[in-house]
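A short worksheet on the structure shown next.
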Amino acid sequence: MPNNALVTGVAGFIGSHLAERLVADGWNVRGVDSFTDYYPRTVKEGNLAKLRTESRFEFIEGDLNLVDLTKLLNGVEVVFHQAAQAGVRASWGQNFSAYLESNVAATQRLLEAAKGLPLRKFVFASSSSVYGDSDDLPLREESPLQPISPYGVTKLACEKLCYLYYRNFGVPVISLRYFTVYGPRQRPDMAFHRFIRWISAGHEVTVYGDGEQTRDFTYVADAVEATLLAAKSDLVGEVLNIGGGSQVTVGHVIQRIGEIVGREPRIVHEAPQHGDVRHTWADTTRAREMLGFRPKVDLEAGLRAQIAWQADNSPIGGAEWPL
Ligand code: UGA
Numbered sequence: 013m014p015n016n017a018l019v020t021g022v023a024g025f026i027g028s029h030l031a032e033r034l035v036a037d038g039w040n041v042r043g044v045d046s047f048t049d050y051y052p053r054t055v056k057e058g059n060l061a062k063l064r065t066e067s068r069f070e071f072i073e074g075d076l077n078l079v080d081l082t083k084l085l086n087g088v089e090v091v092f093h094q095a096a097q098a099g100v101r102a103s104w105g106q107n108f109s110a111y112l113e114s115n116v117a118a119t120q121r122l123l124e125a126a127k128g129l130p131l132r133k134f135v136f137a138s139s140s141s142v143y144g145d146s147d148d149l150p151l152r153e154e155s156p157l158q159p160i161s162p163y164g165v166t167k168l169a170c171e172k173l174c175y176l177y178y179r180n181f182g183v184p185v186i187s188l189r190y191f192t193v194y195g196p197r198q199r200p201d202m203a204f205h206r207f208i209r210w211i212s213a214g215h216e217v218t219v220y221g222d223g224e225q226t227r228d229f230t231y232v233a234d235a236v237e238a239t240l241l242a243a244k245s246d247l248v249g250e251v252l253n254i255g256g257g258s259q260v261t262v263g264h265v266i267q268r269i270g271e272i273v274g275r276e277p278r279i280v281h282e283a284p285q286h287g288d289v290r291h292t293w294a295d296t297t298r299a300r301e302m303l304g305f306r307p308k309v310d311l312e313a314g315l316r317a318q319i320a321w322q323a324d325n326s327p328i329g330g331a332e333w334p335l
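Note that the sequence shown covers residues 13 to 335 in the numbering used here.
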């Protein structure tokens, strides 16, 4: 018996990889995306290209705040809610309304529609940004939740919404706190994508702050694997860290990209950005014990895969792309 999945944000970075994996594993996948203009539609169409050739994949273009969710969820057994207004540093000021709409309102609407349906699982894509700046490293799921970006606040609100729809109505939610995911198709506003683009073009590399900030970078195939394990598990009402185990400084990553592409990076330091946390480091004990999750792709292999992908795919062109 095939499984029927809904993947929201299917034209995005993680959503498109997840949908491809599901189809490869024999699932029927309905994907929805609204092509918000945070980055160009051409990039997202590129992410979708392979999926569009699959007979077990159905694509619906639409905004979760506007589409008929009863129709969208018809026959669905597992919801993978990946759609979001992403980006930590861009979530201030007037932009915040987009984060409220695409994250908080859309998630509430989807959960409301999921109420009473015979779903097996509702997997929510949360974020390491819910922790904020913590001295309590590595970050455990019980660590204090004190986001320092408006984006992080909306992701935390979504987690809480998931939990209350589980508590009140039995929606079988599980929230995954992904830690800075990278790899082929990484969003063009994210650090690795920019660094690779800039260094390959001999362009200056903008580093926010001193470059000594660290992230627990997670390769996209590992994030997808964890997501599938979560969908298949019996866990409900839980929150799990999903980290790749590659905790390094931004400066280290830039040097390594320079070595791999054979160019000396020309670094320009800019002021630290509001909303950026200093360090992330995931304690993944819970995901290991409860899901059997172990990341498989180390930073070196993952970086090489992303560099190779960017060399073959430059849908947005040149080093000067604004984000
Ligand atoms: C990433 C994603 O963008 C979020 O959507 C996600 O929710 C979050 O991970 C997460 O872990 O949950 P972030 O960690 O800021 O957020 O990822 P990058 O954009 O790859 O930035 C990594 C680091 O590089 C940050 O310290 C940032 O300040 C730095 N950076 C980024 C630069 O120094 N220069 C740049 O041009 C871009």
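For each residue, glycine too, the CB sits at the ideal point set by N, CA and C.
Going by beta carbons, residue 226 and residue 281 fall outside the 8 Å limit.
Taken in chain order, the whole alpha helix (DSSP H) runs of length 4 or more contained in the stretch 162–223 are 162–181, 203–212. When the alpha-carbon of residue 97 is set against those of 204, 51, 294, the nearest one is in 51. Between the beta-carbon of residue 193 and that of residue 232 there is about 5 Å, and that keeps the pair under the 8 Å contact cut. For the alpha helix (DSSP H) assignment, the uninterrupted runs of no fewer than 4 residues enclosed by the stretch 87–166 are, from N- to C-terminal side, 108–111, 118–126. Only residues of its own chain outside the window of five on either side were considered, and among them 19, 92, 94, 236, 239 have a CB closer than 7 Å to the CB of residue 30, listed in chain order. Buried is the label assigned to residue 63, since at least 16 other Cβ atoms lie within 10 Å of its Cβ. For residue 291, the pairing in a beta bridge is given by DSSP as 226. Approximately 5 Å separates the beta-carbon atoms of residue 44 and residue 72; this is inside 8 Å, confirming the contact. Distances from the alpha-carbon of residue 272 to those of 308, 319, 300, 286 put 319 closest. Your pair residue 201 and residue 289 does not check out as a contact, with CB atoms roughly 17 Å apart and the cut at 8 Å. Residue 108 and residue 162 have their C-alpha atoms spaced approximately 7 Å apart. Counting only residues of its own chain and dropping the five nearest sequence neighbours on each side, residue 205 has a CB closer than 6 Å to the CB of 198. Straight through space, the alpha carbons of residue 15 and residue 60 are spaced by roughly 20 Å.
Under the three-state reduction of DSSP output, residue 77 falls in the coil class, being neither helix nor strand.
Not one heavy atom of the ligand UGA sits closer than 7 Å to the Cβ of residue 146. Selection 70, 286, 177 evaluated against residue 250 yields 177 as nearest (Cα-Cα).
Inter-residue distance for residue 268 and residue 127 is about 48 Å (C-alpha atoms, whole angstroms).
For residue 68, there is no enclosing alpha helix (DSSP H), as DSSP marks it with neither H nor E. Excluding its 5 nearest sequence neighbours in each direction, residue 77 has C-beta neighbours in its own chain below 7 Å: 113, 117, 118, 121, listed in chain order.
Look at residue 42 here: in three-state DSSP terms it is strand. Burial is judged here by how many other beta carbons sit within 10 angstroms of a residue's own beta carbon; residue 153 has at least 16 and is buried. In the three-state DSSP reduction, residue 59 falls in the helix class (H, G or I).
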